[in-house]
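Residue numbers (the UniProt record's numbering): 1 to 55.
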Amino acid sequence: MIVTDRCQGCGACLLTCPERAIRPHGQPLLVLDALCTGCGECIEVCPADAIEESP
Ligand code: SF4
Ligand code: SF4
1 MIVTDRCQGC GACLLTCPER AIRPHGQPLL VLDALCTGCG ECIEVCPADA
51 IEESP
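See below:
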């Protein structure tokens with residue numbers, strides 16, 4: 001997953017990710033692909049539509 005610059009920093013994805021794969025890293029946030037399972041929960045919870053699937 002990739003957090004784009006649409007991120008508003010609300011933190012909802014950090015709390016939602018079951019793998020704790022999303023980490024504060026300034027803005028945009030950093031997704032650790034080694035931990036991400038691609039479950040898509042972060043995409044659903046993001047109010048800014050800021051998270052996209054990795055290319
Ligand atoms: S849920 Fe969306 S807007 Fe909120 S911190 Fe995560 S990526 Fe940013
Ligand atoms: S797709 Fe799932 S595992 Fe990957 S960052 Fe989003 S919530 Fe976490």
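All residues carry an ideal CB built from backbone N, CA and C; glycine is no exception.
Here the structure is a predicted model, which is why all the values come from computation and not from measurement.
Count the other CB atoms, across all protein chains shown, that sit within 10 Å of the CB of ALA21; report buried if there are 16 or more and exposed otherwise. buried
Quick check: the Cα distance between MET1 and LEU15, rounded to an integer number of angstroms? 16 Å
Please classify LEU29: is it buried, with 16 or more other beta-carbons within 10 angstroms of its beta-carbon, or exposed? buried
Of all the options SER54, GLY11, ILE51 and ILE43, which has the alpha carbon lying nearest to the alpha carbon of PRO24? GLY11
Ligand 2 site residues, beta-carbon cut 7 Å against heavy atoms: MET1, CYS13, THR16, CYS17, PRO18, GLU19, ALA21, ILE22, VAL31, LEU35, CYS36, THR37, GLY38, CYS39, GLY40, GLU41, CYS42, ILE43 and ILE51
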